[in-house]
Amino acid sequence: MYSDKKNVLELVALLKAHCITNIVLSPGSRNSPLIQSFATDKDFTCYSVVDERSAGFFTLGIIQATGKPAAVCCTSGTATLNLAPAVAEAYYQELPLLIISADRPLEWIGQMEGQTIHQTDVFGKMALCTVQLPIVNNDKELWYCNRLINEAIISLNNGAKGPTHINIPLDEPLFKFTSEELPKTRAIKQSTLNYNISEKDRYAERFQKHSKKMIVVGQLPPENNISELLKSISREHNVVVLSDHLSNIIVDDNLHYDTIIISSSETELKKLAPDLLITIGGHTVSKKIKYFLRTFGVSEHWHISNSGDVVDTYQQLTDIIKSDNETFLSYINELSPSQDEAQNEAESYKELWNKKRALLTAPKTQYSDLYAVGMLLSSLSENVSLHFANSHSVYLSQLYNIPKSVRCFSNRGTNGIEGSVSTAVGYAAAGEELTILLIGDLSFFYDMNGIWNRHISPKLRIMINNNGGGGIFDTLAGLKNSTALTDFITTEHSTSAKSWTEQQGFIYFSVNNEDDLKKHLPTFLSNKITAPVVLEVFTSIDKNSKEIKAFYQKQKLNNYDSKELDNDKRV
39 MYSDKKNVLE LVALLKAHCI TNIVLSPGSR NSPLIQSFAT DKDFTCYSVV
89 DERSAGFFTL GIIQATGKPA AVCCTSGTAT LNLAPAVAEA YYQELPLLII
139 SADRPLEWIG QMEGQTIHQT DVFGKMALCT VQLPIVNNDK ELWYCNRLIN
189 EAIISLNNGA KGPTHINIPL DEPLFKFTSE ELPKTRAIKQ STLNYNISEK
239 DRYAERFQKH SKKMIVVGQL PPENNISELL KSISREHNVV VLSDHLSNII
289 VDDNLHYDTI IISSSETELK KLAPDLLITI GGHTVSKKIK YFLRTFGVSE
339 HWHISNSGDV VDTYQQLTDI IKSDNETFLS YINELSPSQD EAQNEAESYK
389 ELWNKKRALL TAPKTQYSDL YAVGMLLSSL SENVSLHFAN SHSVYLSQLY
439 NIPKSVRCFS NRGTNGIEGS VSTAVGYAAA GEELTILLIG DLSFFYDMNG
489 IWNRHISPKL RIMINNNGGG GIFDTLAGLK NSTALTDFIT TEHSTSAKSW
539 TEQQGFIYFS VNNEDDLKKH LPTFLSNKIT APVVLEVFTS IDKNSKEIKA
589 FYQKQKLNNY DSKELDNDKR V
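What follows is the structure, given as structure tokens:
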């Protein structure tokens, strides 16, 4: 049986009509008409997550796993505010997250009524669309309610994807569940034609005149259909393509450009800088690439964007090209190669990057976070999903290659530490493949409620690098001079995840040295285990910092030795 609330019935019917059937429900009384109506309809797959902050990120994991919009539903008051971190992440990562918040009737807002706050527009610019549904008493209000819901659903993917907020006031009595069926309703559908780039000749001439061309690819979802296009453009037009694991593409086995930039002299960096920079996708993991391109500059910077928003990350922006990535790259791929002289210069430019890449070596370290990350990534099988928590985990992973079929995810829209566990848990619950989360101790403990729900998949694996604090802060230049480093920045601790994870039904392994890691890693990665697994790797902040610095120093020495060798050849 459904609720008798007409705005609830209209919302449930339209979600079904638009095929949004994955719903994450957080408990409450004000949203109980919604909970009852979703949970008793067999066409919806409902998940129960008590903590709203965790519920929001859990829903993002479902969206990543299915590639489809999903909804999170909460009660009134501060429950809605707890969804804000996930909404921000969905906005910047362009994930179609539908927020459904129950509310008091409008006349009670600001009247000291319990659990009542200003919920409309609470997410500001981070919601692509916000609608306040009416309490439906007549046909005109029903038409208005229908129109608003359709508008909000369409806004989930209206050129650019992102979060949409439906705030639904519900008056008492709340608990009348007397409707036997949903109403027949009007679902407004939107179709999008492929975008055709205007002024093609102008872009062709400008593209071809530059000999030093670079494409930087930011975060993209897996199966993004552009890997082969980028390989062809790189090969035919001698374009340097830079990507990281979160781009979910591999061109030239990834260039590990962070390390190239760190190990190059200022003179080399000037030669490595492009004339034409093209950027696609979302955030990049590297801070070094931003410094490099901002410092040494480019003649032109084209940013490809479905939304057409002005995003000037590198402070060199000249063109916003409103297009989907595949259409624009197909256009570039079909252009004729540059003239001979320009082509020769382009070959030299690309070869310079390839020579720098050839000097790089994989980290060979002693037992540390860097060692453990390398062991994990080198042991991955094909077709697994790999989630990175922010900070140390995602940065260290960029130093290693991974199998091409591995799907990579991270909450890099906002780079926050909250929600990494919840997102991976939601992904594993909705997905079918082995799902691995690589996470640090502070990020894990911050979101430990993420494993406090009944939807933990036996295919979930969590590797925790527990170095007793925020290890990345110890590697930042100058921060070691802070007298507040230990107590308030790295926040050193001696906490273990053992008791909490075992209580939630995880198999737990503790790792304290190389032998432990080699012993437990095969079991951790096994598909035959019928329970979720946690691998907690204990290291020290000081050792981690020394190993990372030693690795980068080795890359600089490799670069120096190569230049000495070249000098000998010239003599």
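Per the numbering used here, the sequence shown starts with residue 39, numbered consecutively.
Virtual Cβ for every residue (Gly too), placed ideally from N, Cα, C.
Checklist entry - Could you give the distance in angstroms between the alpha-carbon of residue 68 and the alpha-carbon of residue 55? => result Along the sequence shown, one-based indexing puts residue 68 at 30. Along the sequence shown, one-based indexing puts residue 55 at 17. Their Cα atoms are separated by approximately 25 Å.
Item to check | Beta-carbon spacing of residue 399, residue 596 below 9 Å | outcome: Translated into positions along the sequence shown, residue 399 becomes position 361. Translated into positions along the sequence shown, residue 596 becomes position 558. Contact: yes.
Checklist entry - Among 124, 73, 70 and 74, which residue has its Cα nearest to the Cα of residue 90? => result Translated into the one-based positions of the sequence shown, residue 90 becomes position 52. Of 124, 73, 70 and 74, the residue nearest in Cα terms is 124.
Checklist entry - By Cβ distance, which residues of its chain are closer than 8 Å to residue 418, with the 5 residues on each side in sequence left out? => result In the sequence shown, the residue the question calls residue 418 occupies position 380. Excluding residues within five positions, the ones whose Cβ falls inside 8 Å are 424, 440, 441, 444, 474 and 563.
Checklist entry - How many Å lie between residue 341 and residue 66 at the Cα? => result Start at 1 with the first residue of the sequence shown, and residue 341 comes out as number 303. Start at 1 with the first residue of the sequence shown, and residue 66 comes out as number 28. The straight-line gap from Cα to Cα measures roughly 44 Å.
Item to check | Where residue 228 falls, given that 16 or more other Cβ within 10 Å makes a residue buried | outcome: The residue given as residue 228 occupies position 190 in the sequence shown. By the neighbour-count rule (16 or more Cβ atoms within 10 Å), residue 228 is not buried but exposed.
Next on the checklist: Under DSSP, the beta strand (DSSP E) around residue 553 begins and ends at which residues?
Outcome noted: By one-based count along the sequence shown, residue 553 stands at place 515. Segment 552–562 is the alpha helix (DSSP H) holding residue 553; no beta strand (DSSP E) there.
Next on the checklist: Taking only three categories from DSSP, how would you classify residue 403?
Outcome noted: In the sequence shown, counting from the first residue as 1, residue 403 sits at position 365. In the structure shown, residue 403 sits in coil (DSSP, three-state: anything other than H, G, I, E or B).
Checklist entry - Does the region 103–119 touch the region 171–187, meaning 3 or more C-beta pairs lie closer than 8 Å? => result no
Next on the checklist: Going residue by residue through the region 338–421, where are the continuous alpha helix (DSSP H) segments of at least 4 residues, counting only ones entirely within it?
Outcome noted: 363–371, 378–396 and 407–416
Item to check | Buried versus exposed call for residue 348 [16 or more other C-beta atoms within 10 Å across all chains shown] | outcome: Against the sequence shown, residue 348 aligns to sequence position 310. Classification of residue 348: exposed, given that the 10 Å Cβ count is below 16.
Item to check | Span of the alpha helix (DSSP H) around residue 330 | outcome: Against the sequence shown, residue 330 aligns to sequence position 292. It spans 326–334 - the alpha helix (DSSP H) in which residue 330 sits, taken as one unbroken run.
Next on the checklist: Do residue 485 and residue 505 count as a contact pair if the criterion is CB distance below 9 Å?
Outcome noted: Within the sequence shown, the letter at position 467 stands for residue 505. Within the sequence shown, the letter at position 447 stands for residue 485. Going by C-beta atoms, residue 505 is not nearer than 9 Å to residue 485.
Checklist entry - For residue 207, does the three-state DSSP call read helix, strand or coil? => result Start at 1 with the first residue of the sequence shown, and residue 207 comes out as number 169. Three-state result, residue 207: strand.
Item to check | Alpha carbon of residue 74 to alpha carbon of residue 217, nearest angstrom | outcome: For the purposes of this step, residue 74 is taken as residue 36 along the sequence shown, with counting starting at 1. For the purposes of this step, residue 217 is taken as residue 179 along the sequence shown, with counting starting at 1. Rounded to the nearest angstrom, the two C-alpha atoms are 11 Å apart.
Checklist entry - Can you tell me the Cα-Cα spacing of residue 46 and residue 501, whole angstroms? => result In the sequence shown, the residue the question calls residue 46 occupies position 8. In the sequence shown, the residue the question calls residue 501 occupies position 463. Taking the straight line joining both Cα atoms gives about 41 Å.
Next on the checklist: residue 140 and residue 71 - do their beta-carbons sit closer together than 9 Å?
Outcome noted: As a first step, residue 71 is located in the sequence shown; it is residue number 33 there, counting from the start. As a first step, residue 140 is located in the sequence shown; it is residue number 102 there, counting from the start. Yes. Within cutoff.
Next on the checklist: I'd like to know whether the C-beta atoms of residue 49 and residue 82 end up nearer to each other than 9 Å.
Outcome noted: Against the sequence shown, residue 49 aligns to sequence position 11. Against the sequence shown, residue 82 aligns to sequence position 44. Cβ distance not < 9 Å, so residue 49 and residue 82 don't count as in contact.
Next on the checklist: Please list the terminal residues of the continuous beta strand (DSSP E) segment that includes residue 110.
Outcome noted: Counted from its first residue, the sequence shown places residue 110 at position 72. 108–112 is the span of the beta strand (DSSP E), which, as asked, contains residue 110.
Item to check | residue 568 in three-state terms, based on DSSP | outcome: Locating residue 568 in the sequence shown gives position 530, where the first residue counts as 1. Here residue 568 sits in coil by DSSP.
Item to check | Bounding residues of the beta strand (DSSP E) (the contiguous stretch that carries residue 279) | outcome: Reading the sequence shown from its first residue, position 241 is the one you call residue 279. Note, residue 279: beta strand (DSSP E), 278–281.
Next on the checklist: Please report whether the beta-carbon of residue 298 lies at a distance below 9 Å from any beta-carbon of chain D.
Outcome noted: Included in the structure is just one protein chain, with no chain D present.
Item to check | Integer Cβ distance of residue 300 from residue 253, believed to fall under 8 Å | outcome: Residue 300 sits at position 262 when you count from the first residue of the sequence shown. Residue 253 sits at position 215 when you count from the first residue of the sequence shown. Actually they do not touch by this definition, with Cβ atoms about 21 Å apart.
Checklist entry - First and last residue of the beta strand (DSSP E) that includes residue 141? => result Within the sequence shown, the letter at position 103 stands for residue 141. Residue 141 -> beta strand (DSSP E) spans 135–141.
Checklist entry - Unbroken beta strand (DSSP E) runs of length 3 or more, entirely within the region 420–487: which are they? => result 423–426, 445–448 and 473–478
Checklist entry - Excluding sequence positions up to five away, which residues of its chain have a Cβ less than 8 Å from the Cβ of residue 39? => result Here residue 39 refers to the residue found at position 1 of the sequence shown. Within the same chain, residue 39 has close Cβ partners 74, 78, 215, 216, 217 and 218.
Checklist entry - CB residue 267 to CB residue 320, shorter than 9 Å? => result Counted from its first residue, the sequence shown places residue 267 at position 229. Counted from its first residue, the sequence shown places residue 320 at position 282. Not closer than 9 Å, so no.
Checklist entry - Quick check: the region 162–170 against the region 190–201, are there 3 or more CB pairs under 8 Å? => result yes
Item to check | Of the residues 346, 367 and 370, the one placed nearest residue 360, counting alpha carbons only | outcome: As a first step, residue 360 is located in the sequence shown; it is residue number 322 there, counting from the start. Closest option to residue 360, Cα to Cα, is 346.
Item to check | Extent of the continuous beta strand (DSSP E) to which residue 170 belongs | outcome: For this step, residue 170 is matched to residue 132 along the sequence shown. 167–170 is the extent of the beta strand (DSSP E) around residue 170.
Checklist entry - Using the C-alpha atoms, what's the distance from residue 469 back to residue 455? => result Residue numbering aside, residue 455 sits at position 417 when the sequence shown is read from its first letter. Residue numbering aside, residue 469 sits at position 431 when the sequence shown is read from its first letter. Spanning the two alpha carbons is a distance of roughly 23 Å.
Item to check | Exposure label - residue 112; buried when at least 16 CB within 10 Å | outcome: Taking the first residue of the sequence shown as position 1, residue 112 is located at position 74. Label assigned to residue 112: buried.
Item to check | As assigned by DSSP and simplified to three states, the class of residue 605 | outcome: As a working note, residue 605 is residue 567 in the sequence shown. The predicted position of residue 605 is uncertain, since its pLDDT is 46 and thus under 50; no value can be drawn from it.
Checklist entry - If you draw a straight line from the C-alpha of residue 560 to the C-alpha of residue 543, how long is it? => result For this step, residue 560 is matched to residue 522 along the sequence shown. For this step, residue 543 is matched to residue 505 along the sequence shown. In a straight line, the C-alpha of residue 560 is about 20 Å away from that of residue 543.
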